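Trainee: Numbering (our numbering), first residue to last: 21 to 195.
Here a beta-carbon is modelled for each residue, glycine too, at the ideal position from N, C-alpha and C.
Keep in mind that this is a model prediction, so the values were computed, not measured.
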């Protein structure tokens, strides 16, 4: 295709896109383009988000997870090697659980009320397993180097842990 024709085609496409954008008409992909009123509208009067409490916990808090059945909030305190347990109703710390070195990730299995905490560094590159009802560590599971993220599949009670230095995912089955 000759360059003048290609330049003309691109100019026409650009003009059409600009016209659609400025007119606020439905775009090429079915979305509503901006209109003058949407560009100058006042902020929404819907729900707002605001801080309603601040709960003091351990040093260098990192990961956080909530057990929706018990309304317990679990926070990994990396520099204390602990997990703070917060009662969401009273917004107070109800327990502090010692875990491995440098805890960062936290996940909860809502069906079993089991909490999984990744211990990122040191000799305890592992996952601490906490019984949510007794708030004690019931197991320590060795995983790959520098475990970081953790997630639970509540349907199968399977736990997935990302291992930063190992470039792997450890799969833990709860039996």
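Out of curiosity, what's the CA-to-CA distance linking residue 103 and residue 73?
Mentor: Against the chain shown, residue 103 aligns to sequence position 83. Against the chain shown, residue 73 aligns to sequence position 53. Looking at the two C-alpha atoms, the distance is approximately 19 angstroms.
Trainee: Taking residue 168 as the reference, give the member of 191, 181, 175 with the closest Cα.
Mentor: The residue you call residue 168 lines up with position 148 of the chain shown. Closest option to residue 168, Cα to Cα, is 181.
Trainee: Please state whether DSSP places residue 142 in a helix, a strand or coil.
Mentor: Sequence index remark: in the chain shown, residue 142 carries index 122 (1-based). In the structure shown, residue 142 sits in a helix (DSSP, three-state: H, G or I).
Trainee: Quick one: residues in its chain with C-beta nearer than 7 angstroms to the C-beta of residue 163, no 5 flanking neighbours on either side, listed in chain order?
Mentor: Within the chain shown, residue 163 is the residue found at index 143, counting from 1. Once the five neighbours on either side are set aside, the close Cβ partners of residue 163 are 145, 146, 147, 181, 183, 190.
Trainee: Along the chain, where does the beta strand (DSSP E) that runs through residue 162 open and close?
Mentor: Against the chain shown, residue 162 aligns to sequence position 142. 156-162 is the span of the beta strand (DSSP E), which, as asked, contains residue 162.
Trainee: Are the CB atoms of residue 98 and residue 203 within a distance shorter than 8 angstroms?
Mentor: The requested residue 203 is not part of the displayed model; the chain covers only 21 to 195.
Trainee: Could you name the residues of the same chain whose beta carbon sits closer than 8 angstroms to that of residue 123, not counting the 5 residues immediately before and after it, in chain order?
Mentor: To locate residue 123, count along the chain shown from 1; it is residue 103. For residue 123, where only same-chain residues beyond five positions count, the Cβ hits under 8 angstroms are 82, 83, 96, 97, 98, 101, 102, 103, 137, 138, 139, 140, 148.
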